[in-house]
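Student: Can you read through this structure? Questions will come right after.
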Amino acid sequence: MFFDKIVRPALYRVSGGDPETVHERTIGTLARLSRVSPALGALGRVYRTDDPVTFLGLRFPNRVGLAAGMDKNGRALHAWPALGFGFVEVGTVTRHPQPGNDKPRLFTLAETDAVINRMGFNNEGAEALAARLAAGGKPPVPLGVSIGKSKVTPLDEAVEDYRFSLRALHPYADYFAINVSSPNTPGLRALQDKSALAELLSELRGTSAELAGDAEPTPVLVKVAPDLTDEALAELLEVCLEHGVAGLIATNTTLSREGIAPVEASVGEQAGGLSGRPLTARAVEVVRFVHGETGGKLPIIGVGGIFDAGAAARMLDAGAGLVQLYSGFALHGPGLVKRVARGLAARPY
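As structure tokens, this is what we get:
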């Protein structure tokens, strides 16, 4: 493919082979492109797929979204729909601006079709994202906002940390993703435990309802790790149902290193979360488990290892209503968005 053979090698060549530099330059280019309406229109004619679906009470132009982590600070919001995405999730953002973990912290495994990251929620903060949205406006597709705990915030103060971000971004989000499953913030995954999650969700649901007033509260979804046991996941789902969570995002990155190509074994030793093709089967398993355990009562966004329309279709067959791309898009470009969206549009759901 043109992107794989020409574009990606060129991007890495001019960026000294550093994946994070490639990422930053790409986001910078797309941010500038977001301000050029004729260019967005031209791209949209190439990549956009019309396959509308209603999910979470929202109308999505197609089922394929951009996962959190790609555009943490919402810099390129108007470019993503032009590249074919039916919805965009920004973040993960935190109450306090933070630089994230030390570099290098992003690693590409091209032979494995995977990425390892230990970014550590590097972002400009919830208030900065809110200011950008106020100034530049929302994209013309549903906007999700992923919120997480600031690294400097102790676990026993996490609830107020999340609540601050929810309040700041409530005027702009079509849904919130509560990230309690990244492996790159110390202690964060402890918030998936039953009692901690119950407290967090109770407070966030209450805050969302308070901010909505007489209107319908903004949907709150929980993003889960693929590394939970079935028993732990079942407990988490029980809490989610008890506290009226609108849905689940399955899954985040994994600490497992299964499926890494032998030639990239040394890169696989890097600390951080693994995403990409090795996660495909496990992500589908988690989606299927969630769907079965809840009797289909909990809407699911499926994410993890989607590199073609077939993998996306397996997510939907397992019980997901929408899917998201991250590593596949990063490694193979916008053509993947088009192929997946059009492949799903050709199937009856």
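So for the sequence shown, UniProt numbering puts the first residue at 1; every next one is plus one. Every residue gets a Cβ at the ideal spot worked out from N, C-alpha and C, and that includes glycine.
Have a look at E124, V64, P226 and flag the residue whose alpha-carbon is nearest the alpha-carbon of V88.
Tutor: V88 has its Cα closest to that of V64, out of E124, V64, P226.
Student: Counting beta carbon pairs with one atom in the region 46 to 66 and one in the region 103 to 113, are three or more of them shorter than 8 angstroms?
Tutor: Flag = no, the region 103 to 113 and the region 46 to 66 do not touch.
Student: When you measure from the CB of R339 to every non-hydrogen atom of the ligand PLP, does any distance come out below 7 angstroms?
Tutor: The ligand PLP is absent from the structure shown, which contains no ligands of any kind.
Student: Would I260 pass as a contact of L58 if the rule is Cβ separation under 8 angstroms?
Tutor: In this structure, L58 does not lie closer than 8 angstroms to I260 by Cβ.
Student: Is it buried or exposed, T46, if we count other Cβ atoms within 10 angstroms and call 16 or more buried?
Tutor: Correcting the residue identity first, residue 46 is Val in this sequence and not Thr. Exposed, because fewer than 16 other Cβ atoms sit within 10 Å of the Cβ of V46.
Student: In or out: R239 buried (at least 16 other Cβ within 10 Å) or exposed?
Tutor: What sits at residue 239 in the sequence shown is Val, not Arg. Buried, because 16 or more other Cβ atoms sit within 10 Å of the Cβ of V239.
Student: Using CA atoms only, rank isn't needed, just tell me which of H332, P348, A281 is closest to L83.
Tutor: Ranking the options by Cα distance to L83, first place goes to H332.
Student: Would S34 pass as a contact of H78 if the rule is Cβ separation under 8 angstroms?
Tutor: A contact, by the Cβ cut-off of 8 angstroms.
Student: Considering Cα atoms alone, identify which of P219, G321, R163, A330 is closest to P9.
Tutor: Taking only the C-alpha atoms, the option nearest P9 is A330.
Student: Ignoring anything shorter than 4 residues or poking outside the region 267 to 337, list the alpha helix (DSSP H) runs there in chain order.
Tutor: 280 to 293, 309 to 318, 327 to 332, all fully within the region 267 to 337.
Student: What is the C-beta distance between K223 and S327, in whole angstroms, given that I count them as a contact (C-beta under 8 angstroms)?
Tutor: At roughly 16 angstroms, the Cβ-Cβ gap does not stay under 8 angstroms, so K223 and S327 are not in contact.
Student: By Cβ distance, which residues of its chain are closer than 8 angstroms to V7, with the 5 residues on each side in sequence left out?
Tutor: Cβ within range, chain order: G333.
Student: Which word fits G295, buried or exposed, when buried means at least 16 other C-beta atoms lie within 10 angstroms of its C-beta?
Tutor: By the neighbour-count rule (16 or more Cβ atoms within 10 Å), G295 is not buried but exposed.
Student: Rounded to whole angstroms, how far is the Cβ of K151 from the Cβ of D161, which I believe are closer than 8 angstroms?
Tutor: That pair is no contact at about 10 angstroms.
Student: Would you call the region 254 to 268 and the region 190 to 209 touching, i.e. three or more CB-CB distances under 8 angstroms?
Tutor: Touching, no, given that fewer than three Cβ pairs across the two stretches are closer than 8 angstroms.
Student: Taking C-beta to C-beta, are A67 and Q324 nearer than 8 angstroms?
Tutor: Yes, Cβ-Cβ distance for A67 and Q324 is below 8 angstroms.
Student: Hey, A320 and V287: beta-carbon distance below 8 angstroms or not?
Tutor: Contact flag set, yes.
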